[in-house]
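Enquirer: Going from the sequence shown to the working numbering is simple: count from 1 and add 3.
All residues carry an ideal CB built from backbone N, CA and C; glycine is no exception.
Here the structure is a predicted model, which means the values were calculated and not measured.
Submitted below is the structure of interest, expressed as structure tokens.
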Amino acid sequence: MRDRADGSAAPRRLQGAGEIASYGLVAAAVFLGWQIAIQPLLQRAPVEIAIRLAPGSPLVLRRAAESELAAGRVDNAAALSRDALARSPFDVRALRVLGLTEARARREDAADDILTLAGNWSLRDDPAHAWLVERRLRRGDYASSFAHADTLVRRREDIQPQVFRLFTAAGAADPQRALPVVAKLLAARPPWRVAYLASLNQTPQGLQVGASLAVLLEAGRAPFTNEELQPLYNALINAGGLEALQTIRRRLSRPPMATAVTNGGFDETAHPAPFQWRLFEKAGIVAEIVADDLAPSNRALRVDYDGYATGTVAEQLTYLAPGAYRFSAVVRSETGDPAARLAWTLSCATGGGAKILLPAGAPDTAPNNWRNLSARFEVPAGCPAQLLRLETRGGDRRTPTSVWFDRMAISPAG
């Protein structure tokens with residue numbers, strides 16, 4: 004039928020084209036809606052159902068490959084993973100399944116190449132990194148193995164104990180090669196560092212590894228903090244390792260070996276316990292390190308004691324070789340008689356032996372005047388470490404005493 008000259012047939016043709024386009028849009032919407040609707044099924048439905056719904060879906064093929072590998076049907080898993088990769092070349096999980104099928108078929112070099120690629124593509128693919136940890140460890144490649152272990156343990160706290168045991172066992176069995184690798188990981192201050200260092204303080208093997216790591220890290224950019232070093236020092240003491248503690252202290256110089264009384268001026272905080280002052284408080288005893296009210300720029304130890312309670316006021320560990328020494332300090336009394344109610348003592352940290360008594364005040368001291376204290380004493384043989392303490396001397400009634408101590412030192416008597 005020919006169009007009229009005035010073009011009256013054109014609207015009919017446009018109307019037909021519009022109807023066709025409308026049908027096409029409806030069909031496309033239905034198709035897209037169906038695809039959206041089945042996506043949860045493809046991801047969560049049993050594999051048998053999902054593969055019937057979408058036999059060509061890369062997601063379904065990969066899920067089927069994982070299922071076949073878990074069931075031990077390695078050939079099927081390999082074929083399905085290859086089909087999935089053909090449709091979605093960057094599917095990390097399908098690539099990992101293919102790599103694991105190569106490993107099951109004892110083609111470990113090929114598996115290593117494939118799983119290394121999968122691990123590089125995704126730091127979140129735990130099975131790939133776990134296989135690489137074991138593979139590289141069997142080859143003695145601690146650097147690569149522990150790097151993949153680091154990737155795992157940064158994400159999953161639940162596997163920290165297994166990975167920590169791996170680091171510690173390798174460090175104890177092969178310290179020359181394994182410990183520098185662990186130290187390098189710790190130097191980056193990973194989020195698991197604190198937890199790992201704490202785990203080392205639980206066993207003798209861990210203490211050995213922890214001490215070695217403290218030495219390795221000391222000269223680097225991330226040495227042990229006091230908060231990390233103190234638990235190691237205390238664990239060594241609890242394990243009866245006073246000699247080991249002194250060895251580590253000597254290697255680290257924390258605190259320096261020449262210092263008999265650490266923080267004797269009460270103004271240094273950069274030293275770890277048990278070489279730092281530990282203050283005790285109980286009813287009737289208050290001890291604190293504060294600014295001197297007569298000279299605010301100076302800090303000192305202030306003690307308020309009711310004269311009746313008994314206990315330790317302050318304490319720190321020290322190492323003095325057998326021989327003669329001189330104890331010195333300055334004291335300022337506000338109230339009471341510190342010479343009668345308090346005493347500095349030195350006792351063997353391993354127990355036994357006589358306690359050495361040292362003065363805590365000068366008799367007939369005028370209030371609020373700094374006075375020198377001095378006493379000579381002998382450290383006997385068989386006492387490798389000592390506890391320096393300020394102790395109370397309680398009376399039968401309350402006689403309040405307030406006193407300051409500063410500039411404490413112990414030096415050879417000669």
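Does the count of Cβ pairs from the stretch 334–354 and the stretch 363–376 closer than 8 Å reach three?
Expert: yes
Enquirer: Helix, strand or coil: how does DSSP classify S215 here?
Expert: helix
Enquirer: Given 6 Å as the limit, tell me if E271 has its C-beta closer than that to any heavy atom belonging to the ligand NAD.
Expert: No copy of the ligand NAD appears in this structure; indeed no ligand is present at all.
Enquirer: Classify A32 as buried or exposed, calling it buried when 16 or more other Cβ atoms lie within 10 Å of its own Cβ.
Expert: Confidence at A32 is low in this model, with a pLDDT of 41, below 50, so the placement of that residue is unreliable and no value is reported for it.
Enquirer: By the DSSP assignment, the alpha helix (DSSP H) with A175 in it spans what residues?
Expert: Q163 to A176
Enquirer: Return the bridge partner residues of D409 from the DSSP annotation.
Expert: V333
Enquirer: On the DSSP letters alone, give me the boundaries of the alpha helix (DSSP H) that R157 sits inside.
Expert: In the DSSP assignment, R157 falls within the alpha helix (DSSP H) that extends over Y145 to R158.
Enquirer: What residues are listed by DSSP as bridge partners for G102?
Expert: Note: G102 sits in no beta bridge, so no partner.
Enquirer: Buried or exposed for P207, going by 16 or more other Cβ atoms inside 10 Å?
Expert: Burial call: exposed.
Enquirer: Span of the beta strand (DSSP E) holding Y418?
Expert: Only positions 4 to 417 of the chain appear in the structure, and residue 418 is not among them; the question remains open.
Enquirer: Using a Cβ-Cβ cutoff of less than 7 Å, which residues in the same chain neighbour V213 once the five nearest sequence positions on both sides are dropped?
Expert: In the sequence on display, residue 213 carries Gly and not Val. Non-local C-beta neighbours of G213 in its own chain, meaning closer than 7 Å and more than five positions away in sequence, comprise L200, L203, N204 and L235, ordered along the chain.
Enquirer: Within a Cβ cutoff of 7 Å, which residues of the same chain sit near E71, ignoring the five residues on either side of it in sequence?
Expert: N79, A80 and L83
Enquirer: Determine whether the beta carbon atoms of P403 and D309 lie at a separation below 7 Å.
Expert: yes
Enquirer: Of the choices V185, P259 and H274, whose alpha-carbon is the least far from that of G230?
Expert: Looking at the sequence itself, residue 230 is Glu, so the reference to Gly does not match. If we check each option's Cα against that of E230, H274 comes out closest.
Enquirer: What number of angstroms, rounded off, separates the C-alpha of R2 from the C-alpha of R401?
Expert: A query on residue 2 cannot be resolved here, the shown segment of the chain reaching from 4 to 417 and no further.
Enquirer: Work out the CA separation of D295 and S414 for me, nearest whole Å.
Expert: 25 Å
Enquirer: As a quick exercise: from P193, Q319 and V382, pick the residue whose alpha carbon is nearest that of Q163.
Expert: P193
Enquirer: How about W347 and A363: do their beta carbons lie closer than 7 Å?
Expert: yes
Enquirer: Distance, Cα to Cα, N301 vs W407?
Expert: Using only the alpha carbons, I get a separation of about 12 Å.
Enquirer: Please report the distance separating the alpha-carbon of L56 from that of A131.
Expert: Confidence at L56 is low in this model, with a pLDDT of 43, below 50, so its placement is unreliable and the value that follows should be read with caution. Cα to Cα, L56 sits roughly 29 Å from A131.
Enquirer: Just to confirm, is the Cβ distance from I292 to F269 under 7 Å?
Expert: Cβ atoms of I292 and F269: closer than 7 Å.
Enquirer: For a test of the three-state rule: what should DSSP assign to Q389, helix, strand or coil?
Expert: strand
Enquirer: Check each candidate in T315, Y328 and A357 and name the one with the smallest Cα separation from R344.
Expert: Considering only alpha carbons, the answer is T315.
Enquirer: Is E284 buried or exposed, if buried means 16 or more other CB atoms sit within 10 Å of its CB?
Expert: exposed
Enquirer: Verify whether the separation of the beta carbon atoms of R257 and E318 is less than 7 Å.
Expert: Note that the C-beta distance between R257 and E318 is not below 7 Å.
Enquirer: In three-state DSSP terms, what is E394?
Expert: Here E394 sits in strand by DSSP.
Enquirer: Opposite S414 in the DSSP bridges: which residues?
Expert: R329
Enquirer: For I359, I'd like the list of residues in its chain whose CB is within less than 6 Å of its CB, leaving aside the five on either flank, ordered along the chain.
Expert: L349 and F380
Enquirer: Have a look at L120, T104 and L103 and flag the residue whose alpha-carbon is nearest the alpha-carbon of P92.
Expert: L120
Enquirer: Let's see if you can read the secondary structure: which residues bound the alpha helix (DSSP H) around N241?
Expert: N229 to N241
Enquirer: Return the first residue and the last residue of the alpha helix (DSSP H) that E246 is part of.
Expert: L245 to L255
Enquirer: From the DSSP secondary-structure annotation, give me the bridge partner or partners of I117.
Expert: None; I117 has no bridge partner.
Enquirer: Mind checking which residues open and close the beta strand (DSSP E) that includes V316?
Expert: T315 to T321
Enquirer: Judging by CA-CA distance, which residue of L361, T104, A73 and G355 is the nearest neighbour of R329?
Expert: L361
Enquirer: Give the single residue among G326, E394, A357 and A384 whose Cα lies nearest to the Cα of A416.
Expert: G326
Enquirer: Suppose contacts are defined by Cβ-Cβ distances below 7 Å. Is E137 in contact with V100 by that definition?
Expert: no
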